[in-house]
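For the sequence shown, our numbering gives the first residue as 372, with consecutive numbering after it.
All residues carry an ideal CB built from backbone N, CA and C; glycine is no exception.
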Amino acid sequence: MTTFQLLTRCRAFSAAILASALLSTAAQAETDQAEIAHLVTMDGGFKTTHGLAYTITSDQMVAKGPRHRTDQFGGNPYEISLGALFSDDGVVMIHAERVADQSGASNYENLVRSKWPDNSFRFSGATCIDVSAAEIEGEHDLEWLRDNGFAPTGPMVYVQYYATTDNFNDEIVITLLARAAACTTDLEPSEKLAPLKESVVITRAD
372 MTTFQLLTRC
382 RAFSAAILAS
392 ALLSTAAQAE
402 TDQAEIAHLV
412 TMDGGFKTTH
422 GLAYTITSDQ
432 MVAKGPRHRT
442 DQFGGNPYEI
452 SLGALFSDDG
462 VVMIHAERVA
472 DQSGASNYEN
482 LVRSKWPDNS
492 FRFSGATCID
502 VSAAEIEGEH
512 DLEWLRDNGF
522 APTGPMVYVQ
532 YYATTDNFND
542 EIVITLLARA
552 AACTTDLEPS
562 EKLAPLKESV
572 VITRAD
């Protein structure tokens, strides 16, 4: 969803994309209302509370959030809960979301099925982009990362994993984001992200 630009509800990053794969449009609203809290804290991390029951924890990273808001993507209203696990050089972001009008807009069947975190998830492929400080401004999730001590600027490697309920109304998006020395042709993004995968435990809870 935002320079994580949500394209057909697939959060694909570019420097202008890192923010719309992460979330941001003109029609957004902040809220702390419990009725849209689809992500809550637990020891070492978070658990989801909507139709996809997962725990996301780490004994090596610092949990911050969650933050709750509403937004619209492609004309569809979403309830969004955001949390993240932070290390010095990387972040695991968790979006737990619900399509507010129950229109089934969160369909990722066009993406490749993943073995990580489990085979319920699909993914968009890892890549590297350069993000400037100016590109963070006005982008909700990137500003939130910066304000919580992790400025996502310079060469950044990322990948996103998506799981949805069968009716495509509840979803989880796991974003791995790590610093790189440079976005070069010999960089293997998946290798750069491997330490983040090893630092987090994501478990189906139902």
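Taking C-beta atoms as the reference points, Leu456 and Ala534 fail to come closer than 8 Å.
In the structure shown, Glu508 adopts coil according to DSSP, grouped into three states. As computed with DSSP, Cys499 is found in a beta bridge with Val528. Ranked by Cα distance from Gly445, the options Val462, Gly461 and Val470 are led by Val470. By DSSP's assignment, Ser452 forms a beta bridge with His439 and Ala467.
Under the three-state reduction of DSSP, Lys568 is assigned to helix. In this structure Asp501 is not in contact with Pro523, their Cβ atoms being roughly 11 Å apart against a cut-off of 8 Å. Residue nearest to Thr555 within the set Asn540, Ile543 and Thr498 is Thr498 (criterion: CA-CA distance). Selection Gly454, Gly496 and Lys563 evaluated against Glu468 yields Gly454 as nearest (Cα-Cα).
The shortest C-alpha to C-alpha distance from Tyr449 to any of Val544, Lys568 and Asn540 is the one to Asn540. Contact between Ile407 and Thr441 holds: CB atoms are separated by about 7 Å, below the 8 Å threshold. By the Cβ neighbour-count rule, Gly416 is buried, with 16 or more other Cβ atoms within 10 Å of its own. In the three-state reduction of the DSSP assignment, Asp518 falls in the helix class.
Here DSSP, grouped into helix, strand and coil, assigns Glu480 to coil. In this structure, the straight-line span from the alpha carbon of Ala576 to that of Glu559 is close to 32 Å. Around the Cβ of Glu562, a 10 Å sphere holds fewer than 16 other Cβ atoms; the residue is exposed. In this structure, Arg550 sits near Asp460, with a CB-CB distance shorter than 8 Å. Rounded to whole angstroms, Glu508 and Glu569 show a C-alpha spacing of 31 Å. Approximately 21 Å separates the beta-carbon atoms of Leu516 and Val572; this is outside 8 Å, ruling out the contact. 8 Å or more divides the Cβ of Ser474 from the Cβ of His409.
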